[in-house]
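Step one of this worksheet: look at the structure below.
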Amino acid sequence: MTRGREVLDLPVWSRTSGPSHGPHCRDAMAHLDSEVKEERLREDLKFYFMNPCEKFRARQQIPWKLGLQILKIVMVTSQLVRFGLSNQLVVAFKEENIVAFKHLFLRGYSGTDEDDYSCSVFTQEDTYESIFFAINQYHRLGNLSLGTLGYGEKEDSRIGLKVCKQHYKKGTMFPSNETLNIDSDVEIDCIHLGLQALSNNPQDWKNSSFFKLEFYRLLQIEISFQLKGIDLQTIYSRELPDCYVFQNMITFDNKAHSGKIKIYFNSDANIEECKDLNISGSIQRNIQYVLVFDAFVIVICLASLILCTRSIVLALRLRKRFLNFFLEKYKRHVCNTDQWEFINGWYLLVIISDLMTIVGSILKMEIKVKVLILTMQASLPKVLRFCACAGMIYLGYTFCGWIVLGPYHNKFEKLNTVAECLFSLVNGDDMYATFAHIQQKSLLVWLFSRLYLYSFISLFIYMILSLFIALITDSYDTIKKYQKNGFPATDLQEFLKECSSKEKCQQESSAFLPRICCLRRNGSDDHLILVN
């Protein structure tokens, strides 16, 4: 039997053929069927391992999945950048309001915090003046503040301040006689000062027994109040404004009893949905466009997930066909390396995350020149693929730090500062300051920041940089080892090298030469000889 385009000279028979021709004909047909199956399997395998451009040249099949992945990456990245910019406005609004609150409610605030507290007082008179100053500033907020602020209701649905003091239950102290008699049980007394009470004669509440402090028993004083504000700067970004609720607390800390009372100002901002918004202009159309864009992103991601799942299913079916054929013909199992060739790791990442996927092809470079150039040629595809993966991980950490840690760390407020901060961490610079400057308002945020920083530093310094150097070193050693004897071929590669005829082999082998994607010469140009 001849292969290719030659006519097969096979015996002709019918159901009435004699018994002498029956077994021979059945064997010939079985052998022909086996050859056809083998050629079909080889063609399917070669087509599966082609890149999208080679598939287009072979069967004129448009690479829809590749185009969809590129479109999805562009759209998801645009959506992520838009969300990051919006989050950056939120962070800026919160930080600027906290600075404004400190200037409004802290007497003598210089604009710079002292270590971990805002300011301090050293005399009883300054302590009273600081407490009364904060209360009076709250009462006059409408006439003082430059922002869009208003009074908010506390948990008990009352508007006003809540002042609480913690002190030891009772005791006497005579330092000159070195005498101390004190009950270590702590008492908490609170008073509520509403707007109406503050509007009356200030001496009425200032002269109350609550504000007669015994400083040797006093532990701390807390002044808590709630304010509401509207962020109007989002209108310039053609977005709906956000409404904020600020839970503010001023703490006078005297636990050390050292003659210095530290004053802390803490503010927690929560975003709430504005109840009545009536905004005219082009912002309404912009919101509709954003909703349509988000819906389109969801559709693209679902389509990508379905296509990649389908590709993996088809790859597993092709793998099963190859394993069964190899076991039936060669009576042995295929090695694990060849089996894993059918599983595309990028598809698995798309199914798990559906965020970042780029289907790439492996560039094979012909080895011809010196060892150094050979090393660079052999390592360049690996280095490029490695840099692409490392770059994706780096971008993931950058966006994650920008969005999650931006409200709690000044180095993560802007996207460019996050990238610069992470790059400096890779070089081992400014590590302690990055760990120390995180705001410890929430245990969950603190734990996440530690996990984020430790994982990034460990991954990039101890693994990625080491692997980057190892790629080039491994390529150099491999070139030195196989420069004389050539590279060994796997079972899958040996199977794909077999062609049905010399003419077909020559035609197909030219399709696998290293070329620029989709820029292959026409058939008439394939026989040109270049003289250098």
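Residue numbering for the sequence shown follows the working numbering, beginning at 211 and increasing consecutively. Built from N, CA and C at the ideal position, the CB exists for glycine as well.
| Asked | Found |
| --- | --- |
| Bridge partner(s) assigned by DSSP for residue 463 | 430, 472 |
| N- and C-terminal bounds of the beta strand (DSSP E) containing residue 398 | 396 to 404 |
| Residue range of the unbroken beta strand (DSSP E) whose run includes residue 351 | Run containing residue 351: none in the beta strand (DSSP E); it sits in the alpha helix (DSSP H), 351 to 354. |
| Between the CA atoms of residue 314 and residue 355 - distance to the nearest angstrom | 8 angstroms |
| Sheet register partners of residue 359 (DSSP bridge) | 439 |
| 8 angstroms Cβ cutoff met for residue 373 and residue 283 | no |
| Residue of 393, 545, 324, 370 minimising C-alpha distance to residue 408 | 370 |
| Contact set for residue 719: own chain, Cβ-Cβ below 6 angstroms, skip 5 residues either direction | Note on residue 719: pLDDT 41, under 50, position unreliable in the model; the coordinate value appears next. Excluding positions up to five away in sequence, the list is empty. |
| Expected contact under 8 angstroms - CB spacing of residue 428 and residue 464 to nearest Å | 5 angstroms |
| At least three beta-carbon pairs within less than 8 angstroms, the stretch 608 to 615 to the stretch 291 to 300 | yes |
| Residue closest to residue 416, alpha-carbon to alpha-carbon, out of 425, 426, 401 | 401 |
| Cβ neighbours of residue 669 in the same chain (closer than 8 angstroms, five flanking residues each side left out) | 603 |
| Sub-8 angstroms separation of residue 330 and residue 440 beta-carbons | no |
| One or two residues paired with residue 479 in a DSSP bridge | 456 |
| Sufficient close CB pairs (3 or more, under 8 angstroms) joining the stretch 515 to 525 to the stretch 300 to 313 | no |
| Whole alpha helix (DSSP H) elements within the stretch 261 to 297, 4-residue minimum | 262 to 269 |
| Close beta carbons around residue 568, own chain, < 8 angstroms, minus the five adjacent residues each side | No answer about residue 568 holds up, because its pLDDT of 32 lies below 50 and its placement is not dependable. |
| Closest Cα partner of residue 471 within the set 324, 663, 398 | 324 |
| Assigned secondary structure, residue 622 (DSSP; H/G/I helix, E/B strand, else coil) | helix |
| Residue 331 - partner residues in DSSP beta bridges | 471 |
| Residue environment, residue 544, which counts as buried when at least 16 other CB atoms sit within 10 Å | buried |
| For residue 551, the three-state DSSP class (helix, strand or coil) | coil |
| Where residue 589 falls: helix, strand or coil (DSSP) | Annotation note: pLDDT 49 at residue 589 (below 50); position unreliable, coordinate value reported separately. Three-state result, residue 589: helix. |
| Euclidean distance between Cα positions of residue 298 and residue 411 | 44 angstroms |
| Coil, strand or helix - residue 307 by DSSP | helix |
| Start-to-end residues for the alpha helix (DSSP H) that takes in residue 416 | 412 to 416 |
| DSSP beta-bridge partners of residue 382 | 391 |
| Residue 711 burial status per 10 Å Cβ neighbour count (16 or more: buried) | Confidence at residue 711 is low in this model, with a pLDDT of 43, below 50, so its placement is unreliable and the value that follows should be read with caution. That one is exposed. |
| Where residue 424 sits in the DSSP three-state scheme | coil |
| Cβ-Cβ distance between residue 255 and residue 532 below 8 angstroms | yes |
| Pick from 548, 623, 420 that is closest to residue 398, judged by C-alpha positions | 420 |
| 8 angstroms Cβ shell around residue 320 - same chain, five flanking residues per side excluded | 329 |
| C-beta atoms of residue 446 and residue 481 nearer than 8 angstroms | no |
| Beta-carbon proximity list for residue 333, same chain, < 8 angstroms, skipping 5 on both sides | none |
| Separation of residue 437 from residue 396, as counted between CA atoms | 30 angstroms |
| Run of the alpha helix (DSSP H) containing residue 666, from where it starts to where it stops | 653 to 667 |
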